[in-house]
Structure formats: C-alpha cells, structure tokens
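Chemist: Mapped onto this note's numbering, the consecutive letters of the sequence shown carry residue numbers 4 to 159.
Structure below; questions to follow.
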Amino acid sequence: MQPDNEASDFTNKDTNIASIKVQDFNSTEINLMEEYKGKPLLIIIYNNQCLGCTGRAIPFAYQCQQKFETLQVIGIHSNFGKNRTTEEDVKSIFTINKLPFPIYLDEEHKVYDLFQSEGTPQWLLITADGHLSRSIFGSQEGSQNRLMYALEELLA
C-alpha cells in the first residue's frame with residue numbers, strides 16, 4: 004500500500020499512489036489503483052457508526068457521483084472493531100438496501116492509517132493519473148464546499 008516514493012508524504016500533491024489495497028465482501032484483495040486505472044477517484048473513508056458519515060457524507064458522495072459523470076466514487080468502510088464487517092452491515096445504512104456506488108472493506112483500518120486520516124469521513128480526491136489531489140476531513144458544510152471546489156477544479 005505504499006506510494007511510488009519512499010516518503011509516503013500524502014501532503015505533497017505530486018505523490019503518485021501505486022496501490023490502495025482493500026477487500027471486497029468475499030475477502031478478495033482489490034487494488035483500487037489498478038481496478039479504476041485512468042479514472043479520477045473520489046474516495047470516502049467512512050464507518051457505519053459515524054453519524055456524520057451516514058447522514059451527510061454518503062449522501063453527498065452520491066450527489067457528487069450524479070453531478071460529475073467522469074468521476075468514480077468509491078466508499079471504503081474502515082473497521083475499528085474486532086468483528087468482521089459484512090455486506091449486510093454495510094447495506095443496512097441505505098434505505099433501498101442497495102449500494103449507491105462501489106464500497107470496499109478496510110478491515111484493519113490500514114488505508115485509514117496510510118492516509119493519516121483525521122477521523123471519518125476522510126475524503127481522498129485522486130487524479131486520473133494516480134496523484135493525490137486533496138485529502139479533506141469532515142462532513143460539515145465547510146468540508147463539502149472545499150471538496151466541491153476541488154472537484155470542479157480537477158474535472159473542469
């Protein structure tokens with residue numbers, strides 16, 4: 004899960020991300036950077052226990068997916084507990100019991116730690132060529148505004 008450079012400095016916009024390894028609901032490892040190569044990514048690292056995530060951030064991520072056709076929105080559920088997260092657990096927060104965009108699991112919160120997340124939700128905006136453009140924490144209006152400006156700049 005290391006970027007191409009040794010420093011792992013995700014505050015540097017020039018950091019190329021070689022891999023982001025997560026699991027699907029069958030415990031198969033997926034490298035998001037290979038799976039979605041060539042697409043701009045909006046990744047939301049979240050947890051079902053986070054009310055800001057489920058009440059504000061995930062609906063906002065869905066809105067972004069609808070607004071920006073070229074953008075691939077991805078959810079990463081970071082697990083901070085001892086029990087494995089199931090597909091049913093993840094789907095339980097959605098009223099239609101269906102995933103609005105691809106969601107993967109970060110069972111030991113390695114992705115959360117790798118990107119030095121401040122909490123959940125943590126937003127990662129990654130360019131089509133695999134560079135981290137922005138990392139933004141939060142679900143409040145200010146965070147959403149910063150994210151929207153960054154998306155408009157990136158996808159213009």
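Glycine is no exception: its CB is placed at the ideal position from the N, C-alpha and C atoms.
(1) Would you kindly check if the distance between the Cβ of Cys56 and the Cβ of Pro103 is under 8 angstroms?
(2) I'd like the list of long-range same chain contacts for Glu38, defined as Cβ closer than 7 angstroms, with 5 residues on each side in sequence excluded.
(3) Using a 10 Å radius around the Cβ and a threshold of 16 neighbouring Cβ atoms, would you call Leu45 buried or exposed?
(4) Name the residue from Gly122, Glu32, Lys101 whose alpha carbon lies nearest to the alpha carbon of Gly141.
(5) Can you name, in chain order, every residue of its own chain whose Cβ lies under 8 angstroms from the Cβ of Glu110, other than the five neighbours on each side?
(6) So what does DSSP say about Ala10, is it helix, strand or coil?
(7) On a CA-only basis, which of His80, Ala153, Glu90 is nearest Ser120? Give me that one, please.
(8) What did DSSP end up calling Arg137 once you bin it into helix, strand or coil?
(9) Check whether the Cβ atoms of Leu158 and Pro43 sit closer than 8 angstroms, and answer yes or no.
(10) Assuming Asp92 contacts Asn51 (C-beta within less than 8 angstroms), just tell me the rounded distance between them.
(11) Look at the alpha carbon of Asn100 and the alpha carbon of Ala21, and state the distance between them as a whole number of angstroms.
(12) If we require 3 or more residues per run, which beta strand (DSSP E) segments fall completely within the region 38 to 110?
(13) Can you list, in chain order, the residues of its chain with a C-beta nearer than 8 angstroms to that of Ile106? Leave out the 5 residues immediately preceding and following it.
Modeler: In short:
(1) Cβ distance not < 8 angstroms, so Pro103 and Cys56 don't count as in contact.
(2) There are no such residues.
(3) Buried, by the Cβ-count rule.
(4) Answer by Cα proximity: Gly122.
(5) Short of 8 angstroms from the beta carbon of Glu110, and not among the five residues preceding or following it, lie these beta carbons of its own chain, in chain order: Gln26, Asn82, Arg87, Thr88.
(6) Because Ala10 sits at a pLDDT of 33, beneath the cut-off of 50, its placement in the model cannot be relied upon, and the point is left open.
(7) The alpha carbon of Ser120 has as its nearest neighbour, out of His80, Ala153, Glu90, the alpha carbon of His80.
(8) Reduced to three states, the DSSP call for Arg137 is strand.
(9) Yes; because the gap between Cβ atoms is below 8 angstroms, this pair is in contact.
(10) About 6 angstroms separates the beta carbons of Asp92 and Asn51, which is inside the 8 angstroms limit, making them a contact pair.
(11) Roughly 33 angstroms between the two C-alpha positions.
(12) Fully enclosed beta strand (DSSP E) runs of 3 or longer: 44 to 49, 75 to 81, 106 to 109.
(13) So the list reads Ile77, Gly78, Ile79, His80, Val93, once near-sequence residues are dropped.
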